[in-house]
Amino acid sequence: MTTLPYVDGNMLDGPLGEVFAVDMSTATGRCAHCGATGPVAALRVYSHAPGLVARCPTCTEVMMRLVRAPERAFLDLRGTALLQLPMPQVPAGG
Amino acid sequence: MGIITPGFSGRPRSAAPELPPGQYLTPDFPVLSAGPTPKVPRDTWEFVITTETGAEHRWSWDEMMALPQQTPTVDIHCVTRWSKLGTSWQGVSLDTLFEDVDTAADYALAHCYGGYTTNLPLDDLLDGQAWLVHTFDGEELPAEHGGPARLLVPHLYFWKSAKWVRGIHLGHEDTPGFWETAGYHDYGDPWREQRYQGD
Ligand SMILES: [Zn+2]
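Taken in sequence, the protein lines are chains A and B. Under our numbering, the first residue of the first sequence is numbered 17, with each subsequent residue one higher. Under our numbering, the first residue of the second sequence is numbered 201, with each subsequent residue one higher.
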C-alpha cells in the first residue's frame, strides 16, 4: 500500500516566515493533544493537500494547518497548546 | 445497475469540455492527503448514519455491498485546480442509504477513519448527487484514493468527497469540517469558484 510521504517541519520556514516576522526554524511547540514539546522543525508536514498540515511526531494529531489563498493566509493553531518563539533580547532596565 | 450520465444540471457538453473557472485538465489522478493513510480492513469496516436524535443506521461491508449498486461516470474538480473528466466509479447511492433514515436535519458532517471531516448540506447528498464508492475504474478503490470506501460528491470540490469515510452525522446546525475550519469555503461549488471563505 502506498502512503503519502510527509516532510519535516523545516519546510515550514518559508510559508510561516511569510506570516511571522520571527525565525520559525528554532521555534518549539507543545502538542495540545498529547502534551509533547518539540521543535517546529520536527513536525511531520503533509503538503500534498489543499493546505499544509503539520502533525505531532509523537501522537500524529494535527498541530498546525496553514492555507495559503492568493491574497490571504489562514493559520489554525488549535492543536498547538503553546508556541515558544525566539525573540531579540529585550534591553535591560526597560 | 443505474447508468448515470455526466454533466451538471443540464449544462451542455461541447466538443472541448468546459472546465470550472481556474481549473486545468489532468489525465492523472493526483493523491492528496492531510495525514497518514489509514488501514481499514473490510471485515471491521462499517458505515453509520447518525440522525439528529441519535438514531443510528449501520452497514457492515457485506451489507453495503449487497445494496443496489450504481456506476456513476462523473467529472471531478479538486480545489488545488486540477480537474479530471469522465471518472468511473461503482458504489451505492446515498439515496439508497438514506431510504429508511427519518430525519428533519439540514446539515451533514461526514467523518472518516483517520479523523478527517467535511460538512455538506444534506440536500447535496440526495437526489442522485452523491455515492459511497468502493471501486474506481473497475478496480478496488486503492487506499491512497480513499479505499475501502469514500464519498463521491462530484458537483462540489473534491475535498467534500471524503476519503475513508465511516459515517455521517446529521444535525440542525452546520458544523464546519477539517478544511472548512482552516479557511476553505463552507459549500465549495467549483462552478462559482468557492475556494476560500468569503469567495
Ligand atoms: Zn501529540
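Just so it is clear, CB atoms sit at the ideal spot from N, CA and C, and this is done for glycine as well.
- With the criterion CB distance below 6 Å from any heavy atom of ligand 1, the matching residues run A:C47, A:H49, A:C50, A:A52, A:C72, A:T74, A:C75 and A:E77 along the chain.
- Residue-level contact by beta carbon holds for G383 (chain B) and chain A, with a gap shorter than 8 Å.
- Per DSSP, reduced to three states, the secondary structure at M79 (chain A) is strand.
- When only Cα atoms are considered, M79 (chain A) and T96 (chain A) end up about 5 Å apart.
- Secondary structure note for D29 (chain A): its alpha helix (DSSP H) is the uninterrupted segment D29 to G33.
- In the three-state scheme derived from DSSP, where H, G and I count as helix and E and B as strand, V56 (chain A) is classed as helix.
- Excluding five sequence positions before and after Y307 (chain B), the CB atoms of its chain that fall closer than 8 Å to its own CB belong to N319, L320, P321, L322, L370, G371, H372, E373, D374 and T375, given in chain order.
- Approximately 15 Å separates the beta-carbon atoms of W379 (chain B) and W364 (chain B); this is outside 8 Å, ruling out the contact.
- K363 (chain B) sits in coil when the DSSP states are folded into three classes, being neither helix nor strand.
- For D92 (chain A), the neighbours in chain B by C-beta distance under 7 Å run, in chain order, T381 and A382.
- Nearest Cα to Q394 (chain B) within the set B:I249, B:H355, B:T335 and B:L297: B:H355.
- When the beta-carbon positions are compared, L267 (chain B) and F298 (chain B) stay at least 8 Å from each other.
- Remark: C-beta atoms of S63 (chain A) and M103 (chain A) do not approach each other more closely than 8 Å.
- Per DSSP, reduced to three states, the secondary structure at T250 (chain B) is strand.
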